[in-house]
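Asks: Sending over a structure as C-alpha cells; questions will come in a sec.
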Amino acid sequence: MSAEESDQYLNVGTRLIRRDAAERLTGHTAYTEDIRLPGMLYGVLVQSPVAAGRLRRIDVDRAAALDGVVKVLTAEDVTDRRYGNYVKDQPIFARDRVRFVGEPVALVAATSLAVARRAAGLVEVDIEATTPVVDLREALTSTEVLVHDRDTNVIEDVHISRGDVDAVFHTAHAVVHTEIESHRAHQAYLEPRAVTAAPAPGGFSLIMSTQQPFGVRAQLAELFDLPTGAIEVRVPAIGGGFGGKLHLLFAPQATAMTLATGRPVQIVCSRAEDMATGNPRENSIVRMSSAVDESGRILARRCDVVLDAGAYAMDTPVLTSMAAFYATGPYRIDTLDIRGRAVYTNTCPTGSFRGPSGPQMVYAAEAQIEDIAQQLGLDPAEVRRRNFIGEGDRGPTGELITLRGTTEECMRVVESRLQRWRQADVAPGDHRRRGYGLACAWWSTLGTPSAAAVELHEDGTATLSSGGTEIGTGAISTALPSMVAEELGLRLDRVILKSGGTRDSPYDSGSRGSRTMFATGNATVLAARAVAEQIRNEASRLLEVDPADLVLREGRVEVKGAPETGMTIAEVSASAHLHSGPVVATGRYRAELAPVEGSDLQGARFLRLGEPTFHCHGVEIALDEETGRVDVLNFVAVHDVGRVVNPVGARGQVEGGVVQGIGYALTENLRTNDAGVIVNGNLHDYRLPTIADVPPNIETVFIETNHSHTGPFGAKGLGEPPVILPAAAIGSALRDLLGVQPYHLPLDADRVVLTMAERGSRPAPGSPPSTARPPKPEVGG
Amino acid sequence: MTARMTLRVNGSDHDIAVAPDTLLLDALRYECGLTGAKLGCGTGDCGACTVTVDGEAVNSCLMYVLECEGHSVETVEGVTAGGIGAIVAEEFVKADAVQCGFCSPGIIMSTCALLARTEPGAATDEDIKEALAGNLCRCTGYLPILDAVRRASGAPR
Ligand code: FES
Ligand code: FES
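Order-wise, the sequence lines are chains A and B.
Quick note: the first sequence uses the working numbering, first residue 513, plus one each step.
Quick note: the second sequence uses the working numbering, first residue 3, plus one each step.
What follows is the structure, encoded as C-alpha cells:
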C-alpha cells in the first residue's frame, strides 16, 4: 500500500470530528454496566485477604442460605484448567493456594447487588497464611519462597546477543553504568472493569468492557472447551482501557456462574477491587552499561532488565521481550548483550499498560545517554545525534531498518522550544528554579492480524464491518470509515460502521500496540480497494473503457481525464448487484517481518519490532526546592508517526498520553506493603493528574515527511508513544537543574528531596571518565 | 424496607420505591433509567457521577436519594437536551474533548453548574479548573476540555 499516489485526500488528513462524540457527551452511549439483561444476577467476588497461604476450607453455607442468593461457586465447582495469555497459570478460583491479596476465591450470585455483597461477606474462608515473597529482588534469588510449584520464581528469561560485548568493553575508551528502579502505575481507566455473561444456544455470550474481544473468545473457548463460534463477545462503549482491559478479567468467573445457573450474570468491579486485582504497569529494575569512544559513540551495550510479574504471568512474558528489545533506545548499537527476566511475586499480577515497559526503558536509556555525556564532558544532545538509528542500520536483533530515522528532526524542534523557554522571563515573585530537559525514543507499531469487510450497497452507501475495538481514540469510529470513504470516493457520512464484538465482523487482534490505525486500517483499506476494483470492473463493462482508466471520486465513477464521462457509484453498484453479484470484499492483513541477522535470540517471544516510529519530548519544569515539588510549565511533544490520518484525534492521543506520562513521572505510584497489600488502591490516594495539574500548554508537532511504506495512506501507530517519554524528559530537566537526576521512579517530592540531599556525594558534571571495568549488570541470580 | 418517594429529575416527577440507603446515583440509573451519570469510584473521588441538585453539582454516589425529595435533580440527559447544556456539549464535540466518554457526563454537569453561577464570558481559567478539579479524565489530558468550557462560557445564553 503506497502513500505516494496522491496527497489530495478528501477525508484522510483533514480535521475529522468524532462521529460518536455527541452520543457519549449526552449520556446516551451504553457501557457494559448500563446494560441489564432480564433475569440477570449480580456477581460479587470473595477475595483472598492474604498474599500467600494454603486454602484449608471454604464454607459457603451461610452465604448460600441468604434470601436472594442463587449460587456460590468455588474452585470445587469449576474446571481445573488454567488460563493466561502466554503461560497458563491462573485458576478461575484459587485452588489449594492463594497467591496475592485480592485473588478470587469464590463468586456469589444473587438477585440484587446488595444481597450479593452481603452474602460475599458471609463466605468463610479459612486460609493458613504462609510467608509471601513481595520484594522483586528477593523473589528473583529466592529458592525457598516460591510463588508457584516450580523451583524458581523466574518465569521468563530472554537473551538477545550480537557480537562480542566483553571484547568491546575491554578496549573501549570508557564504560558507563546506569541503574534504574521503577514503580507500579495503574491504568486507572474511568470505567471499572465490567462483564456480563449470558447463556446462548450451544455456548454463551458476553457483554464486556474489553480491548480484545477475539482474544477473550479464543481463551474462553479453550478454558470451557467449547467451539470458538459458540461464544460471542459483544463490546459496548469502553470507558478507557490503556492495556488494562486486554485480559480475561472476570470473564471466566462470570461465565462459570452463567453456565452453572443458566442465567445472565454481571460482575462490575468496585474501584477498590479494580485497583487491587487489575494488572498495573510492572515495577522493574533496569541495569545498563555502555562502552563508548571519545566522541560518545556507543560501541556496545549490556543490559539486564527484571520485571515484576506479580502472582500470575498474564502478558508479562511478552512484555519481557519488549523490554529487552527497547534496551537500545533509538540508537544504533551493533554489539549487544541484553537479558530480560520476569519474576513471580505474591503481589497483584502486572501486565500491559499503554507503552508496556516503555517509560522505564526510555528513562533508563536516556539517563544512560546523559550519564555518558556527563562522564565524557559532552553535550547530551550531541551524544544522541551521534548515535541515532536510521535507514540502513540494524536494529536490536540485526534486522535491517528500512525506514528513515527522524529522531534528529524531532529533537531539533524540541531544542528550539527549549531555547525559547530558557530565554523567556520568569514571573516576578516566582522563586522556583527552572529546568529544561528532553528525551528521545523510538517505538514500534504492532502489525498483528486483522480482517475487515466492506460492502457497497445498491444505493451507493457502504458498510464497513470491523472487529476492531473502539477504545476511545476515534480510530475505529471515525478514522477507519474515513479510509473507506477515501478509497471509494464517498462522503464520510455515506459509510456506515458495524463494529463492537465478534459476531458481526471478522477477526481483529485488538485495540493495543498502537496497531488499530495501522493494522486494522490496512485490512480496511484492502477490503475497500477490492470493492473499488469490483466497481471499476462493472463500470468498465457499462462504459466500455479499461478499468485502469476509471477513478472513484465524489460519489462517481469517472474516466480519467474526462470526468464528464461517468456514472454515479450508486448506479454502478445497483448494476453490479444485478449482473455480476453483490459488491463486497474482505481484506486481511498481517505485517511482514524482515529477517533478523547476526544475532542470537534465546527465549524471545518475537523476533523483531514492528514498523518504527520516532519521538522527542521536551519540558520546562519548576522546582520548589523547599518541598521538592516539580511543576511542568511547558511541554512539547514531537512525533513521527508517518501520515496523520486525523489531526484532531492524533493531537488528543498525544495530549492524553503526555498527561498520563507526567502522572507516571510525578504522582502516580501504586504501592504494595510488605504484606502484599496495595495501600493506595483508590482514586483519592492514587494521585491521577487533575485539570488543575496539567501544564497550560502541550504543543503537539508531527513530522509528516516520513510516510510509512506499509501503513494505510502512509500512517503508523501513535497510541502508545506519547506516554513513554515524559518521565525521561522530566528526569533530564531535573539533571539540568540539579546536576544529577534520580535513578528511582517516580520523581515525586520525596524522591526529589532525597536526590537533592544526595547530590553532594555524586561526581560533579564533567568529572573524568571512568575506565574501570564495570560490574556485569546482573541483578542477583 | 422500601419507601415510595417522588424524585424530580430533568423537570419530570418519578414515583419510585427506594430503600433508605439507596444512593441518588443508583436511583437515577436503575429506577429512572437515566444511565448518563456513571459510577467511576463510589467514593467521591472521580466525579463521573456528577449531577446537579437545585443547580449545585454533587457527587450522586455519595448522596442518598431520600435527601432529594422536594429538590430538583438535573442529569446530563436533561441539560444537554437544550439551552446552555446543549451549547456545552457542542463545544465539547468541536474541541475533541471526549475520548472514551466515561468522564464526560460528569464534566458536562460540573461545567453547567459553573456556567449557571457565572456571567457569560466571566469564568476565568482558575474558576474552570476549580470547578472541574473533582472530575477526573484519564483520556484527554484536559486541555481540550478547558478549551471547550472557555468557549461555552463565552457563548451567548
Ligand atoms: S463515582 Fe461518584 S465521585 Fe466517582
Ligand atoms: S474521555 Fe475517557 S476519561 Fe475522559
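We put the beta carbon where it would ideally sit given N, CA and C, even for glycine.
In terms of alpha-carbon separation, which member of A1031/A, R1163/A, V707/A, D573/A lies closest to E545/A?
Replies: For E545/A, the nearest C-alpha among the options comes from V707/A.
Asks: How would you write the range of the beta strand (DSSP E) that R1299/A sits in, first residue to last?
Replies: Outside the shown range of chain A, which is 513 to 1293, sits residue 1299/A, and nothing can be said about it.
Asks: Looking at chain B, which residues of the stretch 587-620 of chain A have a Cβ within less than 7 Å of any of its Cβ atoms?
Replies: none
Asks: When you compare only the Cα positions, how much space is there between L912/A and D846/A?
Replies: 12 Å
Asks: Just tell me which of S869/A, P861/A, L1009/A, A987/A has its CA closest to the CA of A965/A.
Replies: Of all alpha-carbon atoms in S869/A, P861/A, L1009/A, A987/A, the one lying nearest the alpha-carbon of A965/A is that of L1009/A.
Asks: Residues in the same chain with beta-carbon distance under 7 Å from Q880/A, minus the five sequence neighbours each way, listed in chain order, please.
Replies: V688, T690, M800, S802, listed in sequence order.
Asks: In three-state terms, what does DSSP make of T526/A?
Replies: T526/A falls in the coil class under three-state DSSP.
Asks: What residues from the stretch 12-38 of chain B come within 9 Å of chain A, judged by C-beta to C-beta, listed N to C?
Replies: Cβ contacts with chain A come from A21, D23, D28, R31, Y32, L36, T37, G38.
Asks: Count the other C-beta atoms from every protein chain shown that fall within 10 angstroms of the C-beta of S1021/A, then say buried if there are 16 or more, exposed otherwise.
Replies: buried
Asks: Quick one: Cα of L145/B to Cα of D127/B, how far?
Replies: Near 11 Å, if we compare the C-alpha coordinates of D127/B and L145/B.
Asks: Please report the residue range of the beta strand (DSSP E) in which R1015/A lies.
Replies: Per DSSP, R1015/A belongs to no beta strand (DSSP E) and is neither H nor E.
Asks: Using DSSP's beta-bridge definition, name the partner residues of N1146/A.
Replies: E1132/A
Asks: Are the C-beta atoms of C51/B and some chain A residue less than 7 Å apart?
Replies: no
Asks: At a Cβ threshold of 7 Å, is T4/B touching chain A?
Replies: no
Asks: Bridge partners of L912/A, per DSSP?
Replies: DSSP links L912/A through a beta bridge to R906/A.
Asks: Kindly examine ligand 1 and report whether one of its heavy atoms sits closer than 6 Å to the Cβ of A742/A.
Replies: no
Asks: Using a Cβ-Cβ cut-off of less than 8 Å, give me the residues of the stretch 947-958 of chain A that come near chain B, in sequence order.
Replies: none
Asks: Under the three-state reduction of DSSP, which class applies to V1206/A: helix, strand or coil?
Replies: Coil.
Asks: Is the Cβ-Cβ distance between I1081/A and G1067/A less than 7 Å?
Replies: yes
Asks: Under 7 Å, do A1239/A and P861/A count as touching if we go by C-beta distance?
Replies: no
Asks: Shortest alpha-carbon distance to K757/A belongs to which of A631/A, I901/A, N1034/A, Q699/A?
Replies: Closest option to K757/A, judged by alpha-carbon separation, among A631/A, I901/A, N1034/A, Q699/A: Q699/A.
Asks: To the nearest angstrom, report how far apart T857/A and P892/A are at their CA atoms.
Replies: 37 Å
Asks: Run through the stretch 728-796 of chain A for me and flag every whole alpha helix (DSSP H) of 4 or more residues, listed as ranges in chain order.
Replies: 763-773, 783-789
Asks: Determine the closest residue to P748/A out of I692/A, N791/A, T981/A, V926/A, with distance taken between C-alpha atoms.
Replies: A check of alpha carbon separations from P748/A across I692/A, N791/A, T981/A, V926/A identifies T981/A as the nearest.
Asks: Could you check whether the Cβ of L848/A sits closer than 6 Å to any heavy atom belonging to ligand 1?
Replies: No, ligand 1 has no heavy atom inside 6 Å of this Cβ.
Asks: Using only CA atoms, which one of A124/B, G103/B, V53/B, P122/B lies nearest to N12/B?
Replies: V53/B
Asks: Under 6 Å from any heavy atom of ligand 3, does the C-beta of C48/B make it?
Replies: No copy of ligand 3 appears in this structure; the ligands present are ligand 1 and ligand 2.
Asks: Under 7 Å between C-beta atoms, does Y144/B make it to chain A?
Replies: Chain A, which has a Cβ nearer than 7 Å to the Cβ of Y144/B, makes this yes.
Asks: Counting C-beta neighbours from all protein chains within 10 Å, is the total for P713/A 16 or more, i.e. buried, or is it exposed?
Replies: So P713/A counts as exposed.
Asks: Can you tell which of T770/A, L915/A, D942/A, E894/A has the C-alpha that lies nearest to the C-alpha of R924/A?
Replies: E894/A
Asks: Please report the straight-line C-alpha distance between S928/A and D1005/A, rounded to a whole angstrom.
Replies: About 41 Å.
Asks: Show which residues of chain A have a CB atom less than 8 Å away from the CB atom of I86/B.
Replies: The contacting residues do not exist; I86/B stays about 14 Å from chain A at best.
Asks: Per DSSP, which residues does V670/A bridge with? Please list them.
Replies: G852/A
Asks: So what does Q559/A bridge to, in DSSP terms?
Replies: P616/A
Asks: Considering only heavy atoms of ligand 2, does any lie closer than 6 Å to the CB of Q1172/A?
Replies: No, Cβ of Q1172/A sits at least 6 Å from all heavy atoms of ligand 2.
Asks: Tell me whether P122/B is buried or exposed, calling it buried when 16 or more other Cβ atoms sit within 10 Å of its Cβ.
Replies: exposed
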